[in-house]
Amino acid sequence: MALPYKKLILGITGGIAAYKAAELLRLLVKQGIDVQVVMTEAACQFITPVTLQALSGKPVFTSMWDASIANGMPHIELSRGADAILIAPASADFLAKLVHGCADDLLSTLCLARECPLLVAPAMNRQMWENPATQRNIELLKQDGIRVLGPAEGEQACGETGLGRMLEPEDIIRLLEPSSGLLAGKRILITAGPTVEHIDPVRAITNLSSGKMGYSIAEAAAQMGAEVLLISGPVSLAPPAGIEVQSVISADDMLKAVLENIGRQDVFISVAAVSDYRVAQPSEQKLKKGAQTLSLELLPNTDILAKVASLPDAPFCVGFAAESENLLDYAEQKRRAKKLPLIAANLVSDSMGGDDTNLALLDDTGAHPLPRGPKTIVARQLLQHVATMLDKTSRKPKP
Ligand code: CTP
Numbered sequence: 015m016a017l018p019y020k021k022l023i024l025g026i027t028g029g030i031a032a033y034k035a036a037e038l039l040r041l042l043v044k045q046g047i048d049v050q051v052v053m054t055e056a057a058c059q060f061i062t063p064v065t066l067q068a069l070s071g072k073p074v075f076t077s078m079w080d081a082s083i084a085n086g087m088p089h090i091e092l093s094r095g096a097d098a099i100l101i102a103p104a105s106a107d108f109l110a111k112l113v114h115g116c117a118d119d120l121l122s123t124l125c126l127a128r129e130c131p132l133l134v135a136p137a138m139n140r141q142m143w144e145n146p147a148t149q150r151n152i153e154l155l156k157q158d159g160i161r162v163l164g165p166a167e168g169e170q171a172c173g174e175t176g177l178g179r180m181l182e183p184e185d186i187i188r189l190l191e192p193s194s195g196l197l198a199g200k201r202i203l204i205t206a207g208p209t210v211e212h213i214d215p216v217r218a219i220t221n222l223s224s225g226k227m228g229y230s231i232a233e234a235a236a237q238m239g240a241e242v243l244l245i246s247g248p249v250s251l252a253p254p255a256g257i258e259v260q261s262v263i264s265a266d267d268m269l270k271a272v273l274e275n276i277g278r279q280d281v282f283i284s285v286a287a288v289s290d291y292r293v294a295q296p297s298e299q300k301l302k303k304g305a306q307t308l309s310l311e312l313l314p315n316t317d318i319l320a321k322v323a324s325l326p327d328a329p330f331c332v333g334f335a336a337e338s339e340n341l342l343d344y345a346e347q348k349r350r351a352k353k354l355p356l357i358a359a360n361l362v363s364d365s366m367g368g369d370d371t372n373l374a375l376l377d378d379t380g381a382h383p384l385p386r387g388p389k390t391i392v393a394r395q396l397l398q399h400v401a402t403m404l405d406k407t408s409r410k411p412k413p
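Written out as structure tokens, the structure reads:
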């Protein structure tokens, strides 16, 4: 699919993944995109500007003080008319600079002076990625509307295995694809995260859902043109830029929020790990410990997805099935029991809390396994499947 860019700035920062930028550049140029490469000084330690000059067919800029720019203002001149700036790889240090609006070299100044969207593909060692400072920076960048692509999980140059590798160039290209139009005009309601059922003011029953899959789907759906409403249980993720988020605590809160908004939705994607039970009589005061065993009486919660799917004017409903065994059988049973056109099945051990997932989509035509990958990429593949199914059922968007 052709990318929606005519002119791109490809920023390369210092990290071993800089060698992958050459392949990324080749793929971008192959698409007919006019790519201007800008490198930091550190990037030049990992890959030479000559390689990138040869691949882009243009001089590569590395310095604020380049005399070849006629007006002497490369930070303004280079990004003029650019459709986007893509930084790949984006080092931990460069991300930190972006957060603070630093402008002490050409690339950071270009980012600060830009009028176009900014996308970053982080790459760093696992500990650097997991460091609270980096995590905080990523959340802030997202809040500033900067699109974060990846990182991926796997073997790292330092010999460690974990999260922090730059996405493969093909995966970055896939995330840039304009599947945008695919969900244009559709309203999509997505639930995400865990729910929390209080036992007393300080204790609760909840689960280990991180909300990452639901948030990735919400972000991808918005990028594909949908109007998204995200109803989220408590998570520690930044609200995706430009998406309406309603925060809820309990399954009952989530049910109410969904039913209030479902009437105008074309699609409902139920990603939340909704608690099946709630405490019959939550205590208003903190329970005191005693020598005896303590039993909690639990009442079943309404199944939100089943309820929505049984509405007379139900939207197109997509369920998730998280299983620890018999994945496809149990997921298909759920799909039929809840009368869903589509369910996404995943093993708890494969995805809960992590950044990667392994989904199989089940519909009337059978099982369609998706390749294992970052939730951001798998989210798009799931939505592409939804868009194809919507096309086939030729559903009209709701007025
Ligand atoms: N779901 C829901 N409301 C509930 C329980 C589940 O909307 N009270 C939705 C989930 O969001 C998911 C699907 O139903 O899309 C399946 O959830 P899951 O927890 O895998 O299965 P359950 O139906 O709860 O069955 P079980 O816990 O027995 O596996």
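In terms of my numbering, the sequence shown opens at residue 15 and continues consecutively. C-beta atoms are modelled at their ideal positions from N, C-alpha and C, and glycine is treated no differently.
query	result
What separation, rounded to the nearest whole angstrom, lies between the Cα atoms of F282 and A252?	22 angstroms
Per the DSSP calculation, Y33 is bridged to which residue(s)?	Beta-bridge pairing links Y33 to no other residue.
Are the CB atoms of A351 and L373 within a distance shorter than 8 angstroms?	no
Should G173 be labelled buried (16 or more other beta-carbon atoms within 10 Å of its own) or exposed?	exposed
Among V242, D343, G95, V216, which one has its Cα closest to the Cα of P296?	V216
Among residues of its own chain, excluding the 5 on either side of I263, which ones have a beta-carbon nearer than 6 angstroms to its beta-carbon?	V210
Between the beta-carbon of K226 and the beta-carbon of K389, is there less than 8 angstroms?	yes
Is it true that the stretch 336 to 351 meets the stretch 146 to 162, where meeting means three or more beta-carbon pairs spaced less than 8 angstroms apart?	no
Can the beta-carbon of S93 be found closer than 8 angstroms to that of I23?	yes
Quick check: what's the CA-CA separation for P446 versus G277?	Only positions 15 to 413 of the chain appear in this structure, which leaves residue 446 out of reach.
Taking R150 as the reference, give the member of D80, A401, L112 with the closest Cα.	L112
When the Cα of E153 is compared with those of D370, P136, C58, which residue comes out closest?	P136
How should A234 be labelled, buried or exposed, when 16 other C-beta atoms within 10 angstroms of its C-beta is the threshold for buried?	buried
Which residue spans inside the stretch 53 to 126 form an unbroken beta strand (DSSP E) run of at least 3?	98 to 104
Within a Cβ cutoff of 6 angstroms, which residues of the same chain sit near A198, ignoring the five residues on either side of it in sequence?	G239
Considering only the beta carbon of each residue, do T371 and A286 sit closer than 8 angstroms?	no
Which same chain residues, not among the five before or five after R161, have their C-beta less than 6 angstroms away from its C-beta?	L133
To the nearest angstrom, how far is the alpha carbon of A57 from that of P329?	49 angstroms
Tell me which residues share the same chain as L41 and place their Cβ nearer than 6 angstroms to its Cβ, disregarding the 5 neighbours each side in the sequence.	P183, I187
State yes or no: is the C-beta of G232 nearer than 7 angstroms to some heavy atom of the ligand CTP?	Looking at the sequence provided, one finds Ala at residue 232 rather than Gly. No - the ligand CTP has no heavy atom lying nearer than 7 angstroms to the Cβ of A232.
From S223 to V272, what distance separates their C-alpha atoms?	19 angstroms
How about K156: is its Cβ closer than 7 angstroms to a heavy atom in the ligand CTP?	no
Over the uninterrupted alpha helix (DSSP H) stretch that includes M219, give me the two end residues.	Before going on, a small fix: residue 219 reads as Ile here, not Met. No alpha helix (DSSP H) contains I219, which is instead part of the beta strand (DSSP E) from 217 to 219.
Determine whether the beta carbon atoms of G28 and M138 lie at a separation below 8 angstroms.	no
For the beta strand (DSSP E) that N360 lies in, which residues bound it at each end?	356 to 361
At a cut-off of 7 angstroms, is S284 close to the ligand CTP when judged by its beta-carbon and the heavy atoms of the ligand?	yes
Can you tell me where the beta strand (DSSP E) with V322 in it begins and where it stops?	Segment 318 to 323 is the alpha helix (DSSP H) holding V322; no beta strand (DSSP E) there.
Under the assumption that L101 contacts F108 (Cβ atoms under 8 angstroms), give the Cβ distance between them as a whole number of angstroms.	The question names Leu, but residue 101 in the sequence shown is Ile. Between F108 and I101 the Cβ distance is about 7 angstroms, and since that is below 8 angstroms, they are a contact.
On a CA-only basis, which of L38, L308, A305, V288 is nearest A335? Give me that one, please.	V288
With a threshold of 16 other CB atoms inside 10 Å of the CB of A16, please say whether the residue is buried or exposed.	exposed
Report the option in L361, C331, Q279 whose CA atom is closest to the CA atom of L341.	L361
What residues match up with V375 in a beta bridge as DSSP calls it?	Sequence check: residue 375 is Leu here, not Val. Answer is A358, H382, bridged to L375.
Where DSSP assigns a beta bridge to P388, which residues make up the other side?	D370
Within its chain, find whatever has a CB closer than 8 angstroms to the CB of L384; leave out the 5 residues flanking it on each side and keep chain order.	N372, L373, A374, L375, V392, Q395, L396
Taking the alpha-carbon positions, what's the L69 to D48 distance?	11 angstroms
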